[in-house]
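Numbering (my numbering), first residue to last: 481 to 885.
Notes for the one structure printed next.
Right, dumping it as C-alpha cells:
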C-alpha cells in the first residue's frame with residue numbers, strides 16, 4: 481500500500497517559552513560531524529524500513545519532516561535523510577515532501593540541499609514580525625533575520641512555502657499584528673498560512689511567567705487578533721479551509737489532510753506518533769515512540785538486527801476501538817470547513833451520519849446549530865449529503881464537539 485510518513489527531528493537551538501513539543505535544545509551537538517545526529521538519522525532510516533516491510537508499503541504518498549528544528553541538520557545530513565527515505569521506498573508521483581525550518585537556518589546551501597533531496601514544500605515559523613513579541617516568548621529570531629530569509633527564498637527557491645503566525649503573543653499590538661500580513665503581497669511563493677491562537681501550556685516557561693505576573697496575557701485579545709488575521713488573510717485570497725489553516729486555491733497541505741481525513745501514516749523518530757487504520761475491523765493501532773533519543777537509537781538498532789518487528793520497538797502502542805474512531809472521524813472532519821461526507825461516514829461505520837449528529841430531527845444537535853446559522857448542509861457533486869460548520873460555527877468547534885459526545 482501507499483502511505484504517508486512523518487519524521488520527527490527533535491533537535492533545536494533553544495526551546496521557545498510557549499513550546500511543549502518534544503525537542504532537545506543542543507545546538508552544539510548537531511552538525512556536520514556529529515555522532516549523535518548522524519546516528520539518529522541512521523535510526524530514522526532503519527525504523528522507516530521496519531515499518532515499510534511490516535506493512536507492505538510500496539510508496540510514500542507524502543513525507544513531512546518536523547520537529548524540533550529539522551533545518552538545524554547540515555545540508556549533508558538533510559540529503560542523507562531524504563535520499564535514504566527514498567531508498568527505503570520511492571515517492572509516489574507528485575508526492576508532497578515538506579521540511580520545517582526556522583528563518584535563522586536559511587542559506588543557499590540549505591535550499592540547494594532541500595531541492596536536490598526532493599523537498600518541494602518548506603514550512604517556516606515566522607510567528608510574528610515584531611521584535612518585542614518575539615523576545616517576549618524567547619523566540620530565537622528577529623524581524624531582520626526573517627526578512628533576510630524570505631528574500632533568499634524568494635530569490636533561490638522554486639518550490640512551495642508555508643508560513644506560521646501566532647495571534648496573541650505578549651507585547652504584540654493590533655497594529656503590528658495586522659500589518660505583518662502585508663508581506664504576503666510581496667512573496668507569491670507563500671501559498672499556505674497557518675494562523676494559531678497562542679495556547680499557554682501548563683508548566684512551560686511562558687505559563688510560569690504569566691502565573692508569576694512577569695508577563696501579561698489576554699486570551700480575549702488573542703481571540704480578537706486571530707479573527708482580525710482571518711479577515712485579512714481571506715481578503716488577500718487565502719481560503720480558510722481548516723481551523724488554523726489558510727491556503728491559496730489548490731495549495732492546501734496534503735500531508736496534514738492525511739490526519740484530518742483519518743488516513744494511515746507512519747511516524748518515525750523519538751517522540752513520533754503513527755496510526756494505521758483497519759476499517760474492515762473498525763479499529764486502529766496508534767503508537768508513540770520513547771522520548772529518550774539514546775534509548776530510541778539503541779532500540780531501533782536492536783530490533784533492526786533481530787526480529788525486525790516494530791512491536792518490539794521502544795514505544796507505547798494502543799488499539800483504538802470503534803467508538804473512539806467514530807468520534808475522532810467527526811472531530812477531525814468538523815475541523816475542516818468542507819465538512820463531513822455522509823457517504824464516507826456510512827462506508828466506514830455502517831450507520832447514518834444524519835442520525836449520529838442529530839441532523840435528521842428538527843430538535844437534533846446539528847439541526848439546532850443549523851437553525852442558529854452555525855452550520856450548513858449541502859449535496860456533494862457525488863450526490864451524498866455533506867455536513868459542516870460555517871465560518872461562525874468553526875469558532876465554537878469545541879462546544880459543538882462537547883455536545884456531540
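For each residue, glycine too, the CB sits at the ideal point set by N, CA and C.
{"Asked": "Answer yes if the segment 645–656 comes into contact with the segment 610–620, meaning at least three C-beta pairs across the two stretches below 8 Å, and no otherwise.", "Found": "yes"}
{"Asked": "Does the distance from the CB of residue 549 to the CB of residue 600 come in under 7 Å?", "Found": "no"}
{"Asked": "What residue range does the alpha helix (DSSP H) around residue 861 cover?", "Found": "Taken as a continuous stretch (DSSP letters only), residue 861 belongs to no alpha helix (DSSP H), as it is neither H nor E."}
{"Asked": "Go ahead and pull the three-state DSSP assignment for residue 488.", "Found": "strand"}
{"Asked": "Could you tell me if residue 513 is buried or exposed, where buried requires 16 or more neighbouring beta carbons within 10 angstroms of its beta carbon?", "Found": "Any reading at residue 513 must be qualified, since the residue scores a pLDDT of 42, below 50, and its modelled position is unreliable; the value itself is stated next. So residue 513 ends up on the exposed side."}
{"Asked": "Within this structure, are the beta carbons of residue 586 and residue 496 separated by less than 7 Å?", "Found": "no"}
{"Asked": "Kindly provide the ranges of any alpha helix (DSSP H) runs that are 4 or more residues long and lie completely inside the segment 831–858, ordered along the chain.", "Found": "833–837 and 845–851"}
{"Asked": "Give me, in chain order, the residues of the same chain whose beta-carbon lies closer than 7 Å to that of residue 511; leave out the 5 immediate sequence neighbours on both sides.", "Found": "Here residue 511 scores only 47 on pLDDT, less than 50, and its place in the model is too uncertain to base an answer on."}
{"Asked": "Given a cut-off of 7 Å on the beta-carbon distance, is the pair residue 575 and residue 542 in contact?", "Found": "yes"}
{"Asked": "Going by DSSP in three states, residue 667 sits in which element: helix, strand or coil?", "Found": "coil"}
{"Asked": "Is it true that the CB of residue 713 sits closer than 7 Å to the CB of residue 726?", "Found": "yes"}
{"Asked": "Within 10 angstroms of its Cβ, does residue 508 collect 16 or more other Cβ (buried), or is it exposed?", "Found": "Model confidence at residue 508 stands at a pLDDT of 44, short of 50, so the residue's coordinates are unreliable and nothing is read from them."}
{"Asked": "Suppose only complete runs of 4+ residues qualify. What are the alpha helix (DSSP H) ranges in the segment 558–586, listed by chain order?", "Found": "none"}
{"Asked": "Specify, as a first and last residue, the run of the beta strand (DSSP E) that residue 766 falls within.", "Found": "763–769"}
{"Asked": "Residue 878 by DSSP, collapsed to three states: which one?", "Found": "helix"}
{"Asked": "With contact counted as at least three CB pairs below 8 Å, one residue from each stretch, are the segment 736–752 and the segment 521–536 in contact?", "Found": "yes"}
{"Asked": "Relative to the C-alpha of residue 819, which residue among 837, 829 and 694 is closest?", "Found": "837"}
{"Asked": "What are the start and end residues of each continuous beta strand (DSSP E) run of 3 or more residues lying completely inside the segment 600–645, in chain order?", "Found": "601–607"}
{"Asked": "Taking the alpha carbon of residue 825 as the reference point, which residue from 696, 691 and 866 has its own alpha carbon closest?", "Found": "866"}
{"Asked": "Tell me which same chain residues have a C-beta within less than 8 Å of the C-beta of residue 795, skipping the five on either side of it?", "Found": "767, 768, 769 and 770"}
{"Asked": "Could you round the C-beta distance between residue 829 and residue 880 to whole angstroms and report it? I think they count as a contact, below 8 Å.", "Found": "Between residue 880 and residue 829 the Cβ distance is about 19 Å, and since that is not below 8 Å, they are no contact."}
{"Asked": "By how many angstroms is the C-alpha of residue 678 removed from the C-alpha of residue 608?", "Found": "12 Å"}
{"Asked": "What are the uninterrupted segments assigned as beta strand (DSSP E) that are 3 or more residues long and contained completely in the segment 653–737, given in chain order?", "Found": "670–677, 719–722 and 725–727"}
{"Asked": "In the structure shown, what three-state DSSP assignment does residue 537 receive?", "Found": "coil"}
{"Asked": "So is residue 730 buried or exposed if we call it buried at 16+ other beta carbons inside 10 Å?", "Found": "exposed"}
{"Asked": "What does the Cβ neighbour count give for residue 664, buried or exposed, with the cut at 16 atoms within 10 Å?", "Found": "buried"}
{"Asked": "What are the start and end residues of the beta strand (DSSP E) that includes residue 596?", "Found": "Run containing residue 596: none in the beta strand (DSSP E); it sits in the alpha helix (DSSP H), 588–596."}
{"Asked": "Using the three-state DSSP reduction, which class does residue 824 fall into: helix, strand or coil?", "Found": "helix"}
{"Asked": "When you compare only the Cα positions, how much space is there between residue 778 and residue 519?", "Found": "10 Å"}
{"Asked": "When the Cβ atoms of the segment 666–678 are set against those of the segment 624–643, are three or more pairs found closer than 8 Å?", "Found": "yes"}
{"Asked": "Using alpha carbons as the reference points, say which of 875, 736, 793 and 690 lies closest to residue 498.", "Found": "690"}
{"Asked": "Which residues in the same chain have their Cβ closer than 7 Å to the Cβ of residue 719, if we skip the five residues on either side of it in sequence?", "Found": "726, 727 and 729"}
{"Asked": "Over the uninterrupted beta strand (DSSP E) stretch that includes residue 797, give me the two end residues.", "Found": "795–800"}
{"Asked": "Take residue 873 as the anchor and find which of 758, 723 and 752 has the nearest alpha-carbon.", "Found": "723"}
{"Asked": "As a quick exercise: from 864, 863, 827 and 868, pick the residue whose alpha carbon is nearest that of residue 845.", "Found": "868"}
{"Asked": "CB residue 489 to CB residue 529, shorter than 7 Å?", "Found": "no"}
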